[in-house]
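Peer 1: Okay, here's the structure, questions in a sec.
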Amino acid sequence: MITRKLLTGAIPAMLGASLGCSAANVAQPSRPNIVLILADDLGYSDIGCFGGEIETPNLDRLARDGLRMTQFYTTPRCCPTRASLLTGLYSHQAGIGNMMDDRGVPGYRGELSKNALTIAEELRLAGYRTSAVGKWHVAHIYFDGKKQLNREVETPFWDNKNTWPLQRGFENYYGTIHGVNSYYDPFSLTEGNTPILTPQPRDYYYTDAISARAVAEIDRHAKVDAGERNPFFLYVAYTAPHWPLQAREADIAKYRKRYLDGWDKLRSARYQRQIDMGIIDKNYPLSPRDERVSAWDNVRDKEWEANRMATYAAMVENMDTGIGRICIRLKQLGLDENTLVIFLSDNGACDERIHPSWYDVPSRTRDGRPVRIGNNDRSVFAGPEDVWQSYGIPWANVSDTPFRLYKHFTHEGGIATPLIARWPAGIQKPGTISTHTGHIIDIMATLVDAAGAKHPAAYEGRDIKPLEGASLLPIFANATGDVERATPLFWEHEGNRAVRLGKWKLVAQNQKPWELYDIADDRTEQKNLAAANPQKVKELADLYDAWAERCGVLARGKLPPARPIKPAAN
């Protein structure tokens, strides 16, 4: 059974294993450095080591040298996942049960709660140096129509900076406060507490900038800590491969022919590779093609469709290249043996179709060209700066192989993520695949345990909520051992609900009736057992109701109206 007592008891052995690490260029701390890498809207099967055909050699190498978890879960959307990741709480407890608007009730304030301690705050208390790079997306944003997006005005896009990275435990930050941005000239780009209001250079590409800054932060920590024993925590939050689909032409071109094979063949091929790798049990059937998607043979604009997925693949490969640079730098500095690297995505693949009326979609580029929304116009191809396009339901269905549904939903396709962990000093059997159940709330508990920290009951005069998650260190130590999770896991987002306890999962879509699945036999959720098991449905539904009451979850139709967010005075 996974309990805090059991996991805490495992810490000394893990830390003891790290004491023998040798140093190359930089003195080694006894506790691990931590690099936490988050992808954005990456599907379960996209990367090579989870069955994908996209070239991700660096993530594949991390998997060979570390551990893969095949039953790890996030929330169904970007900002709630980040809230849970950073605090070790369910997103409603952390203040972000929905999106970034302020509904005036604790679970839906749209920014991190003062009663939630972040990973960075806790690790700084434990003596860690802290840096964050990339997407933040846990603070209010003010939009003056599309004027700021279009660089027509310099109106502040914030109402306050209380929940910006530097105010929540990070010593250094470079990235975007808002959640979705152009890759060539991102809105809300910030250095520390200072917004960068000038356009970026013509050769700027945000994924590359995140990777370069992550490497620079590692160098900075190594320089500061030379001769000392202070470990560091680096949070790297990519926006890739979240829409808009934007990538360099040379990177897209290598994939176009590959995706002319179409979604039906590619989805089947991914599924077979997952079985061959041991990612998916061969007894789990591949979920049917989404009923809204045509068979590839019937698709008219095959080149246009293939280009969408080719652009997406280029974005994923570019991110993988950056992760490779991070890992190379750790090795060059002699830090890789005692650095815990964790990689995961924030939710399942995204089936959204961009609309020009959306508040965070610009209408023109930095040089004044009109932005073309390419989801309906088949003459507009994804890739360049002046095109905003997503890959839609057909390719999201491929990305989430073998599951059904997508980001926003609490079925497996919305919440299952690939997770890779590498830590030579703490992961005993490299290359192992773990089928243990994990949740985004477990990340902070894991890092706190690895750091030998103690979660406080109060911080700077504020009461602090206890962690909800359980450490994954026992799984790292014995990935194939019999470690059973005793406590249920819960989800709610925009009316989509779920609870998982052991092999049972109760799930509902948009206030529809509960569905019940035996995940041990039916991970792809094909056989609804609710009608045959009314007592199990009631048992799990009662658990869900009690959790919702405890965590301040409101039914979708009962949310108060959003409060207006006003710009800061300066």
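Residues -23 to -1, 1 to 547 in mature numbering (1 follows the signal peptide of the UniProt record, and there is no 0) are what the sequence shown spells out, letter by letter.
In this text, a Cβ means the ideal position worked out from N, Cα and C, and glycines have one as well.
Please classify VAL512 as buried or exposed, where buried requires at least 16 neighbouring CB atoms within 10 angstroms.
Peer 2: If you number the sequence shown from 1, residue 512 lands on position 535. According to the sequence as given, residue 512 is Gln; it is not Val. Under this definition GLN512 is an exposed residue.
Peer 1: Any contact of the stretch 268 to 288 with the stretch 157 to 165, i.e. 3+ C-beta pairs under 8 Å?
Peer 2: Cβ pair count under 8 Å is below three, so no.
Peer 1: For ALA189 versus ILE229, is the C-beta spacing smaller than 8 Å?
Peer 2: Within the sequence shown, numbered from 1, the residue matching residue 189 stands at position 212. Within the sequence shown, numbered from 1, the residue matching residue 229 stands at position 252. No. Outside cutoff.
Peer 1: Straight-line CA distance for residue 552 to ARG250?
Peer 2: The shown model of the chain, from -23 to 547, leaves out residue 552, and the question about it has no answer.
Peer 1: Three or more C-beta pairs under 8 Å: does that hold for the stretch 166 to 183 against the stretch 72 to 81?
Peer 2: No, the stretch 166 to 183 is not in contact with the stretch 72 to 81.
Peer 1: Kindly provide the ranges of any alpha helix (DSSP H) runs that are 4 or more residues long and lie completely inside the stretch 131 to 207, ordered along the chain.
Peer 2: Counting only runs of 4 or more, we get 183 to 201.
Peer 1: Select from TRP220, TYR436, ARG355, TRP400 the residue whose C-alpha is nearest the C-alpha of ARG8.
Peer 2: Translated into the one-based positions of the sequence shown, residue 8 becomes position 31. Taking only the C-alpha atoms, the option nearest ARG8 is TRP400.
Peer 1: So, TYR183 versus TYR160, is the Cβ gap smaller than 8 Å?
Peer 2: In the sequence shown, the residue the question calls residue 183 occupies position 206. In the sequence shown, the residue the question calls residue 160 occupies position 183. Yes. Within cutoff.
Peer 1: Looking only at its chain, what residues have a beta carbon closer than 6 Å to the beta carbon of LEU211, apart from the 5 residues adjacent to it on each side?
Peer 2: Stepping through the sequence shown from its first residue, residue 211 is reached at position 234. Cβ neighbours of LEU211 beyond the five flanking positions: VAL12, SER108, GLU194.
Peer 1: Can you tell me where the beta strand (DSSP E) holding VAL484 begins and where it ends?
Peer 2: The sequence position of residue 484 within the sequence shown is 507, counting from 1. Segment 481 to 485, the beta strand (DSSP E) holding VAL484.
Peer 1: Look up ILE96 in the DSSP assignment and say whether it is helix, strand or coil.
Peer 2: Position 119 of the sequence shown, counted from the first residue, corresponds to residue 96. Three-state result, ILE96: helix.
Peer 1: Taking 7 Å as the line, does the beta carbon of PHE320 fall inside it for any heavy atom of the ligand COA?
Peer 2: Absence of the ligand COA is noted for the structure shown, with no ligands found whatsoever.
Peer 1: Could you tell me whether the stretch 28 to 44 touches the stretch 295 to 313, where touching means 3 or more Cβ pairs closer than 8 Å?
Peer 2: The stretch 28 to 44 vs the stretch 295 to 313: in contact.
Peer 1: Could you tell me the distance, in whole angstroms, from the CA atom of ALA472 to the CA atom of ASN487?
Peer 2: Locating residue 472 in the sequence shown gives position 495, counting from the first residue. Locating residue 487 in the sequence shown gives position 510, counting from the first residue. Strictly speaking, residue 472 in this sequence is Gly, with Ala absent from that position. GLY472 and ASN487: Cα-Cα distance of roughly 5 Å.
Peer 1: Mind checking who TYR494 pairs with in its DSSP beta bridge?
Peer 2: Your numbering for residue 494 matches position 517 in the sequence shown. Answer is LYS482.
Peer 1: Please go through the same chain and pick out, in chain order, the residues whose beta-carbon is closer than 7 Å to the beta-carbon of ALA545, but skip the five residues on each side of it.
Peer 2: To locate residue 545, count along the sequence shown from 1; it is residue 568. Cβ neighbours of ALA545 beyond the five flanking positions: PRO133, TRP135, ASP136, ASN137.
Peer 1: Is it the case that the Cβ atoms of CYS327 and ALA359 are separated by a distance below 8 Å?
Peer 2: Taking the first residue of the sequence shown as position 1, residue 327 is located at position 350. Taking the first residue of the sequence shown as position 1, residue 359 is located at position 382. No, the Cβ-Cβ distance between CYS327 and ALA359 is not below 8 Å.
Peer 1: Decide if the stretch 415 to 431 is in contact with the stretch 509 to 528; the criterion is three or more beta carbon pairs, one per stretch, under 8 Å apart.
Peer 2: Touching, no.
Peer 1: Apart from the five residues just before and just after TYR236, which ones in its own chain have a Cβ nearer than 6 Å to its Cβ?
Peer 2: Here residue 236 is taken as the residue at index 259 of the sequence shown, counted from 1. Answer for TYR236: ALA283, MET286, ALA287, listed in chain order.
Peer 1: On the DSSP bridge assignment, give the partners of ASN473 in chain order.
Peer 2: In the sequence shown, counting from the first residue as 1, residue 473 sits at position 496. Answer is HIS470.
Peer 1: Secondary structure at LEU321, three-state DSSP: helix, strand or coil?
Peer 2: As a working mapping, residue 321 is identified with position 344 in the sequence shown. It is a strand residue.
Peer 1: Rounded to whole angstroms, what's the CA-CA distance from ARG343 to PRO57? Just pull it up for me.
Peer 2: Reading the sequence shown from its first residue, position 366 is the one you call residue 343. Reading the sequence shown from its first residue, position 80 is the one you call residue 57. Answer to the nearest angstrom: the Cα atoms are 30 Å apart.
Peer 1: Please report how far the alpha carbon of ILE441 lies from the alpha carbon of SER356, in whole angstroms.
Peer 2: Locating residue 441 in the sequence shown gives position 464, where the first residue counts as 1. Locating residue 356 in the sequence shown gives position 379, where the first residue counts as 1. Near 54 Å, if we compare the C-alpha coordinates of SER356 and ILE441.
Peer 1: What is the C-beta distance between VAL348 and PRO361, in whole angstroms, given that I count them as a contact (C-beta under 8 Å)?
Peer 2: Working through the sequence shown from its first residue, we reach residue 348 at position 371. Working through the sequence shown from its first residue, we reach residue 361 at position 384. Not really, about 10 Å apart at Cβ, beyond 8 Å.
Peer 1: Skipping 5 residues on each side, what residues in its chain have a beta carbon closer than 7 Å to that of THR140?
Peer 2: As a first step, residue 140 must be located in the sequence shown, where it is residue number 163. Once the five neighbours on either side are set aside, the close Cβ partners of THR140 are GLU88, LEU89, VAL115, ALA116.
Peer 1: In the structure shown, what three-state DSSP assignment does ASN374 receive?
Peer 2: On the sequence shown, position 397 is the one that residue 374 refers to. Three-state result, ASN374: helix.
Peer 1: Let me know if LEU130 comes out buried or exposed under the rule of 16 or more other beta-carbons within 10 Å of its beta-carbon.
Peer 2: Position 153 of the sequence shown holds residue 130. The question names Leu, yet the displayed sequence has Val at residue 130. Exposed.
Peer 1: Based on the DSSP secondary-structure assignment, which residues constitute the bridge partners of residue 553?
Peer 2: Missing from the structure shown is residue 553; the chain here goes from -23 to 547 and no further.
Peer 1: Who are the near neighbours of ALA1 in its chain, counting only those whose CB is closer than 6 Å to its CB and skipping five residues on each side?
Peer 2: Translated into positions along the sequence shown, residue 1 becomes position 24. Note that ALA1 has pLDDT 41, beneath the 50 cutoff, so the model's placement of it is unreliable and the number below is only indicative. If we look at ALA1 and ignore the five residues flanking it on each side, its Cβ neighbours are GLY311.
Peer 1: Compute the Euclidean distance between the alpha carbons of HIS198 and ARG106, then round it to the nearest angstrom.
Peer 2: Here residue 198 refers to the residue found at position 221 of the sequence shown. Here residue 106 refers to the residue found at position 129 of the sequence shown. Cα to Cα, the separation comes out at about 7 Å.
Peer 1: Could you check what DSSP says for TRP365 in three-state terms: helix, strand or coil?
Peer 2: Counting from one through the sequence shown, the residue named residue 365 turns up at place 388. Of the three classes helix, strand and coil, the one that applies to TRP365 here is strand, per DSSP.
Peer 1: Beta-carbon within less than 6 Å of THR394's beta-carbon, same chain only, minus the 5 sequence neighbours each way: which residues are those?
Peer 2: In the sequence shown, residue 394 corresponds to position 417, counting from 1. For THR394, where only same-chain residues beyond five positions count, the Cβ hits under 6 Å are PHE49, THR51, LEU321, SER322.
Peer 1: Considering only residues of the same chain and omitting the five flanking positions on each side of LEU396, which have a CB-CB separation below 6 Å?
Peer 2: Start at 1 with the first residue of the sequence shown, and residue 396 comes out as number 419. Closer than 6 Å at Cβ, skipping near neighbours: MET46, PHE49, LEU321.
Peer 1: Extract the residue ranges of the beta strand (DSSP E) inside the stretch 36 to 99, only unbroken runs of 3 or more that lie entirely within it.
Peer 2: If we require 3 residues or more, the beta strand (DSSP E) runs fully inside the stretch 36 to 99 come out as 44 to 50.
Peer 1: Can you give me the start and stop residues for the beta strand (DSSP E) that TYR212 sits inside?
Peer 2: Position 235 of the sequence shown, counted from the first residue, corresponds to residue 212. Its beta strand (DSSP E) spans residues 209 to 214.
Peer 1: Can you give the Cα-Cα distance for VAL201 and PHE147, rounded to whole angstroms?
Peer 2: Looking up residue 201 in the sequence shown gives position 224. Looking up residue 147 in the sequence shown gives position 170. When rounded, the distance between both Cα atoms is 16 Å.
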